[in-house]
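So the protein sequences, as listed, match chains A and B. Heads up, the first sequence is in the numbering used here, so the first residue is 1 and it goes up one at a time. Heads up, the second sequence is in the numbering used here, so the first residue is 1 and it goes up one at a time. Let me begin by presenting the structure, written as structure tokens, before commenting on it.
Number of protein chains: 2
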Amino acid sequence: MGKKKDGFVNQITKRSEDFSKWYTELIRRAELADYSPVKGIMVIRPYGYEIWEHIKDNLDIKFKETGHKNAYFPLLIPESFLKKEAEHVEGFAPEVAWVTHGGDNELEERLAIRPTSEAIICHMYSKWITSWRDLPVLINQWANVLRWEKVTRPFLRTTEFLWQEGHTVHATSDEAMEETLKMLDIYKNFCEEYLAIPVISGLKSEKERFAGAVKTYCIEALMPDGKALQAGTSHFLGQNFSKAFNIRFENKEQELEYGWQTSWGVSTRLIGALIMLHGDDSGLIIPPKVAPYQGVIIPISRGNWKETVLPKANEIFENLKAQGFRVQLDDSDVATPGWKFSEWEMRGVPVRIEIGPKDIEKNQVVLVNRINREKSFVSIDELNEKFAELLDKIQNMLFEKAKNFREENTSEAETFEELSSIIETKRGLVTTGWCGSETCETAVKDKNATTIRAIIENQEGKHKICVVCGKESKHTVLFAKSY
Amino acid sequence: MGKKKDGFVNQITKRSEDFSKWYTELIRRAELADYSPVKGIMVIRPYGYEIWEHIKDNLDIKFKETGHKNAYFPLLIPESFLKKEAEHVEGFAPEVAWVTHGGDNELEERLAIRPTSEAIICHMYSKWITSWRDLPVLINQWANVLRWEKVTRPFLRTTEFLWQEGHTVHATSDEAMEETLKMLDIYKNFCEEYLAIPVISGLKSEKERFAGAVKTYCIEALMPDGKALQAGTSHFLGQNFSKAFNIRFENKEQELEYGWQTSWGVSTRLIGALIMLHGDDSGLIIPPKVAPYQGVIIPISRGNWKETVLPKANEIFENLKAQGFRVQLDDSDVATPGWKFSEWEMRGVPVRIEIGPKDIEKNQVVLVNRINREKSFVSIDELNEKFAELLDKIQNMLFEKAKNFREENTSEAETFEELSSIIETKRGLVTTGWCGSETCETAVKDKNATTIRAIIENQEGKHKICVVCGKESKHTVLFAKSY
Numbered sequence: 001m002g003k004k005k006d007g008f009v010n011q012i013t014k015r016s017e018d019f020s021k022w023y024t025e026l027i028r029r030a031e032l033a034d035y036s037p038v039k040g041i042m043v044i045r046p047y048g049y050e051i052w053e054h055i056k057d058n059l060d061i062k063f064k065e066t067g068h069k070n071a072y073f074p075l076l077i078p079e080s081f082l083k084k085e086a087e088h089v090e091g092f093a094p095e096v097a098w099v100t101h102g103g104d105n106e107l108e109e110r111l112a113i114r115p116t117s118e119a120i121i122c123h124m125y126s127k128w129i130t131s132w133r134d135l136p137v138l139i140n141q142w143a144n145v146l147r148w149e150k151v152t153r154p155f156l157r158t159t160e161f162l163w164q165e166g167h168t169v170h171a172t173s174d175e176a177m178e179e180t181l182k183m184l185d186i187y188k189n190f191c192e193e194y195l196a197i198p199v200i201s202g203l204k205s206e207k208e209r210f211a212g213a214v215k216t217y218c219i220e221a222l223m224p225d226g227k228a229l230q231a232g233t234s235h236f237l238g239q240n241f242s243k244a245f246n247i248r249f250e251n252k253e254q255e256l257e258y259g260w261q262t263s264w265g266v267s268t269r270l271i272g273a274l275i276m277l278h279g280d281d282s283g284l285i286i287p288p289k290v291a292p293y294q295g296v297i298i299p300i301s302r303g304n305w306k307e308t309v310l311p312k313a314n315e316i317f318e319n320l321k322a323q324g325f326r327v328q329l330d331d332s333d334v335a336t337p338g339w340k341f342s343e344w345e346m347r348g349v350p351v352r353i354e355i356g357p358k359d360i361e362k363n364q365v366v367l368v369n370r371i372n373r374e375k376s377f378v379s380i381d382e383l384n385e386k387f388a389e390l391l392d393k394i395q396n397m398l399f400e401k402a403k404n405f406r407e408e409n410t411s412e413a414e415t416f417e418e419l420s421s422i423i424e425t426k427r428g429l430v431t432t433g434w435c436g437s438e439t440c441e442t443a444v445k446d447k448n449a450t451t452i453r454a455i456i457e458n459q460e461g462k463h464k465i466c467v468v469c470g471k472e473s474k475h476t477v478l479f480a481k482s483y
Numbered sequence: 001m002g003k004k005k006d007g008f009v010n011q012i013t014k015r016s017e018d019f020s021k022w023y024t025e026l027i028r029r030a031e032l033a034d035y036s037p038v039k040g041i042m043v044i045r046p047y048g049y050e051i052w053e054h055i056k057d058n059l060d061i062k063f064k065e066t067g068h069k070n071a072y073f074p075l076l077i078p079e080s081f082l083k084k085e086a087e088h089v090e091g092f093a094p095e096v097a098w099v100t101h102g103g104d105n106e107l108e109e110r111l112a113i114r115p116t117s118e119a120i121i122c123h124m125y126s127k128w129i130t131s132w133r134d135l136p137v138l139i140n141q142w143a144n145v146l147r148w149e150k151v152t153r154p155f156l157r158t159t160e161f162l163w164q165e166g167h168t169v170h171a172t173s174d175e176a177m178e179e180t181l182k183m184l185d186i187y188k189n190f191c192e193e194y195l196a197i198p199v200i201s202g203l204k205s206e207k208e209r210f211a212g213a214v215k216t217y218c219i220e221a222l223m224p225d226g227k228a229l230q231a232g233t234s235h236f237l238g239q240n241f242s243k244a245f246n247i248r249f250e251n252k253e254q255e256l257e258y259g260w261q262t263s264w265g266v267s268t269r270l271i272g273a274l275i276m277l278h279g280d281d282s283g284l285i286i287p288p289k290v291a292p293y294q295g296v297i298i299p300i301s302r303g304n305w306k307e308t309v310l311p312k313a314n315e316i317f318e319n320l321k322a323q324g325f326r327v328q329l330d331d332s333d334v335a336t337p338g339w340k341f342s343e344w345e346m347r348g349v350p351v352r353i354e355i356g357p358k359d360i361e362k363n364q365v366v367l368v369n370r371i372n373r374e375k376s377f378v379s380i381d382e383l384n385e386k387f388a389e390l391l392d393k394i395q396n397m398l399f400e401k402a403k404n405f406r407e408e409n410t411s412e413a414e415t416f417e418e419l420s421s422i423i424e425t426k427r428g429l430v431t432t433g434w435c436g437s438e439t440c441e442t443a444v445k446d447k448n449a450t451t452i453r454a455i456i457e458n459q460e461g462k463h464k465i466c467v468v469c470g471k472e473s474k475h476t477v478l479f480a481k482s483y
């Protein structure tokens, strides 16, 4: 901003030319995020943060509708607490940032900045829960977490990120499993309905599951470069943490029992997913339901437009806002309409609303669909309905486009050679059979840097043998390269 | 919870007996917060967090109405950045928690967990701002911060706390000052309208101002123990940080100029203020506008109440919820109505809605005002309006009560002896004259452990001499002991 605005928007690399470069350039150019002076940590700028606000607000409603309450637990976790669950500390210790000093004093015990909060939350739960009457405990937290990552990319993998983490305790295993799957379902529906990201839900292999969980369920989305992105996880923790942290309750039979737990989370990574999946050579395309601006009004600045066009543009602006639409009016007089068109396309506003002197004569505006630049001429009297319709249409188009892309890029493989060949040439998701052994799983990883993204529902009659060893298949799985 | 519920609520210390003990016991008993294993850091439990959510949501609307956007900046600040503004580092370094290791590796430069974010935000602003067209920058952040405090109390002063911090940059000193005062005013109105906390706004003395600011404005509230609580601050930073961090813009005359800045914040401390100010011997009283539950419906459980009373209670519950009221129905069958009355009084729900078999015959409910236990019998047909009216009434009563208390506990002093005597006997706020010298300010602090809370508007003809030295007074000030 603040640069001359009479030419065209500064070019960024085309998505079709270099996907990875397009992604990082676009994030900075569209002012979604910027690099900070601390390696691997980004600043989320207002335009990016507002997408997170829409994600947060809408998910929060769904969490509350299903009986969850928010709370806030400490950022810092004593090292000894992190060590209580053996697998958990093994999984997270290598990427923990450690606080060793408070002011001028060295601490007696160093403190971990939470990489996830099971350890501190389970400790508190052990104090709060004594009877079956206290259950279920259904608590969620919106917070920042830190993982000392070696390789980072804005939104997708950063040292600090924002997320929500749900932590629940139940009286029975069945109830905890029901919760695990309920939250997975909420994530899936949210991604598909709000972010227009089709996801596949499934179970992680033991090798890929959360450190300390009994079972990890996930949602996976296919990105345009053929790699899968884990978009959310929901863990059935069984009694692993309740035993490590002594979360016990007196059941109805007055016996002491360990609680059954779950945890589940999604993060600012979702923003990375929607940027990658929906954007194009001209920039971002933000799904209307989470777009900071759903429409931008651009007055055609010819002649005495400030006296003729601008007042009408302003009237439309105020009317749409009053209807609850999120809209912007670009009335700057230092940029040409052409510059504005490409600037707001780059920023991914789903609908452009053009209005010029001729449109005013006809009592109309021009609505332009960001996806295909299709124009529709709409009477100002019908603008509210037509604008809402177009937003719905764009939301659906994005989802359908992404779903078609995924279908086109999902293959089947019966042999290791087939699997390797698909991964090396076409990429995408590959459905195969798997015997369940870590040896076969590792063989694929070693050869193709490809992992089991999810164990999915069995497809009748298909994939009867393991893609690696040829023995009987226990699971149908999705293999893919991943973020 | 989960204990037997046929007796009375476990007693907590009476407020009238030991204010300080009442405060900390009540916070845990009402499940607002709990101590964590890290000294000085608390857990905010769902009931306490929901108060914060109402504070946050309502303030956020006011920030956005005045043109501010939210963003998110890194938790960690390199030590060298903190050192750029000399006063700032001097003020904050002693209470910084330092990260020295990431995973197994010692960091080259240690990182501060933000005690406040000027240093990191100003660095980013220096990259984003180049022209007058980029101004004003109006950004707010909702975040956690850490200050390694020696003495802590839940909500009032904790090592980690939640807050919002606004950081703005303007083209002129006047604009920045206007912003500083605008936000101070938003804080004042919010405290008074939503939290029913009357506050006095004024300027801090140089000794008390924010490290790095040119001027610090504050709002101060008088607590029932006669101590003042700083409830929010708004700083005019001038060009101190813009010079230290090189935030320059080209003005309309194409000259390079340093930006003019402000920062402003309120925190979870506000929850501490409302607990202290409104509570009584029976427990909390939460102002209706921020109460997690504005009303609790208690069916009178006699005879076959589950068949007779409960269905009607449920109907009322659903109706009030549908009207947008935040209500709870306590249909537990292990607690007596008497136990429930005292439990929900302790939790500070402003209105109790009793309904028994006789009420149903009369098509009425009983509304009980939490402040004075005044009962009103209300036809179920009029419940929505009467309930809303009573909530308004309670909100106003709390504010008026607090305001009267403050008036009764505000004194005037013309001499040092008078000031000392009031502080030692009656406490409260003391209005005096002050010559402006740090010597006189320190004299009061040394003798009475009392500070200037705010420089306030001059009161015509009063306080013409300094309360300490007797020389001509430059300011009318409020002295008080403080939290």
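Where a beta carbon is used, it is the ideal one built from N, C-alpha and C, also for glycine.
query, result
"List the endpoints of the continuous beta strand (DSSP E) containing residue 400(B).", "Note, residue 400(B): premise wrong, no beta strand (DSSP E); alpha helix (DSSP H) at 383-408."
"Hey, out of 363(A), 357(A), 385(A), whose CA is closest to residue 325(A)'s CA?", "385(A)"
"Please determine, among 355(A), 371(A), 373(A), 374(A), the residue with the shortest C-alpha to C-alpha distance to residue 365(A).", "355(A)"
"Mind checking residue 294(A): buried by the 16 CB within 10 Å criterion, or exposed?", "buried"
"Going along chain B in order, which residues have a C-beta closer than 7 angstroms to the C-beta of residue 70(A)?", "46, 49, 53"
"Please determine, among 451(A), 447(A), 449(A), 440(A), the residue with the shortest C-alpha to C-alpha distance to residue 473(A).", "440(A)"
"Check residue 288(A) in the structure and name its three-state DSSP category.", "helix"
"So with CB distances below 7 angstroms, who are the chain B contacts of residue 148(A)?", "102, 103"
"Consult DSSP for residue 477(A) and reduce its assignment to one of helix, strand or coil.", "strand"
"Does any residue of chain A bring its CB to less than 7 angstroms from the CB of residue 43(B)?", "yes"
"Of the choices 462(A), 455(A), 423(A), whose alpha-carbon is the least far from that of residue 445(A)?", "423(A)"
"Taking DSSP as the reference, what is the three-state secondary structure of residue 266(B)?", "strand"
"Residues in the same chain with beta-carbon distance under 7 angstroms from residue 16(B), minus the five sequence neighbours each way, listed in chain order, please.", "281"
"Less than 8 angstroms between the CB atoms is what I'm expecting for residue 277(B) and residue 197(B), so what's the real figure, rounded?", "6 angstroms"
"Should residue 173(A) be labelled buried (16 or more other beta-carbon atoms within 10 Å of its own) or exposed?", "exposed"
"For residue 94(B) and residue 42(A), I'd like the C-alpha separation in whole angstroms.", "27 angstroms"
"Contact between the stretch 211-230 of chain B and the stretch 51-58 of chain B: three or more CB pairs below 8 angstroms?", "no"
"For residue 333(B), is the classification buried or exposed, using 16 other Cβ atoms within 10 angstroms of its Cβ as the cut-off for buried?", "exposed"
"What is the rounded straight-line gap between the Cα of residue 257(B) and the Cα of residue 188(A)?", "50 angstroms"
"Alpha carbon to alpha carbon, how far is residue 79(A) from residue 119(A)?", "10 angstroms"
"Just to make sure I have the definition right: I need the residues of chain B whose C-beta is within less than 7 angstroms of the C-beta of residue 139(A). Which are they?", "46"
"Please look up how many angstroms separate the CB atoms of residue 478(B) and residue 202(B), rounded, as I've assumed it's under 8 angstroms.", "7 angstroms"
"Taking DSSP's pairing of strands, which residues face residue 299(B) in a bridge?", "355(B)"
"Of the residues 399(B), 483(B), 408(B), 414(B), which one's Cα is nearest the Cα of residue 199(B)?", "399(B)"
"Below 8 angstroms on the Cβ atoms is my contact criterion, and I expect residue 74(B) with residue 160(A) to pass it. Report the Cβ-Cβ distance as a whole number of Å.", "6 angstroms"
"DSSP state of residue 249(B), grouped into three classes?", "strand"
"Between 130(A), 153(A), 106(A), which has its C-alpha nearest residue 27(A)'s C-alpha?", "153(A)"
"Can residue 340(B) and residue 298(B) be called in contact, C-beta distance under 7 angstroms?", "yes"
"Assuming residue 506(A) is part of the alpha helix (DSSP H), what are its boundary residues?", "In this structure chain A extends from 1 to 483, so residue 506(A) is not present and cannot be described."
"Which two residues bound the contiguous alpha helix (DSSP H) that contains residue 156(A)?", "Unbroken run through residue 156(A): none, as it is neither H nor E."
"Is the stretch 242-254 of chain A close to the stretch 128-142 of chain A, with three or more CB pairs under 8 angstroms?", "yes"
"Quick one: is residue 327(B) near chain A, going by C-beta distance under 7 angstroms?", "no"
"Could you give the residue range of the alpha helix (DSSP H) that holds residue 91(A)?", "86-92"
"I'd like the span of the beta strand (DSSP E) that includes residue 485(A), first residue to last.", "Outside the modelled stretch of chain A, which goes from 1 to 483, sits residue 485(A), for which no answer is possible."
"With distances taken between CB atoms, is the gap from residue 438(B) to residue 204(B) smaller than 7 angstroms?", "no"
"Quick check: the Cα distance between residue 436(B) and residue 476(B), rounded to an integer number of angstroms?", "10 angstroms"
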